[in-house]
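Everything below concerns the one structure shown next.
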Amino acid sequence: MQRIIPNLWYSEKADEAAAFYASLLPDSRVDSVTALPAESPSGPAGSVKVVEFTLLGQPYMAMSAGPFEPFNHAISLMIECEDQEEIDRLWSTLSEGGKIEQCGWLKDRYGVSWQIVPTALGKMMKDPDRSRARRVAEAMLQMVKLDIDALERAYGGE
């Protein structure tokens, strides 16, 4: 086996979504957009688009292939951010036209669920001092967009 490549099924606009995501993240790009040259259950030849793209160096595939199953929270894409400025930028851009949710989650305009989290959150949540981890978890559960300073204050017992 070589690697796992996530594949996303969009009703429409997979190429637009991939270009949007690639514009937000370094080491990201749309690698190819190919119309399926054969008739499929989704429509005539050319009606299905297959998109290969890269986000933060990770390959993805997507299809615009008509209605099927809508995206849901069972799968989300998580971006770890080094600072609050990065969280704020991604939160603002990805949530535009979508839906903001609790605990750093949002659904973008294409229906994909994202988690925008500080890189330090994992370390804080795994702290062997479970009272510190609990304070961070309780603070996070009260947030919509995650706030690094507030999480660090909770971690420190403030």
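Okay, so the sequence shown: first residue is 445 according to the numbering used here, each after it adds one. For glycine and all other residues, C-beta sits at the position ideal for the given N, C-alpha and C.
Query	Result
Element boundaries [alpha helix (DSSP H), containing alanine 594]	592 to 600
Nearest-angstrom Cα separation, counted from serine 484 out to cysteine 525	40 Å
Neighbourhood of aspartate 598 by C-beta distance below 6 Å, restricted to the same chain and skipping five residues each side	Sequence inspection shows alanine at residue 598; the aspartate mentioned does not correspond to that position. Hits under 6 Å: Arg579, Val580, Ala583.
Reduced DSSP category for leucine 468 - H, G, I as helix; E, B as strand; rest coil	helix
Inter-residue spacing [alpha-carbon to alpha-carbon] between proline 514 and lysine 457	14 Å
Methionine 587 versus arginine 533: straight-line alpha-carbon distance, rounded	17 Å
Glutamine 546 beta carbon less than 8 Å from that of serine 520	no
8 Å Cβ shell around tryptophan 453 - same chain, five flanking residues per side excluded	Ala506, Met507, Ala509, Phe512, Glu513
Exposure label - serine 536; buried when at least 16 CB within 10 Å	exposed
Sequence-distant residues of the same chain with beta carbon closer than 8 Å to leucine 538, five excluded per side	Leu468, Leu550, Asp552, Trp558, Ile560
Three-state secondary structure assigned by DSSP to threonine 537	helix
Same chain, Cβ closer than 7 Å to isoleucine 449, neighbours up to 5 away in sequence not counted	Pro503, Tyr504, Met505
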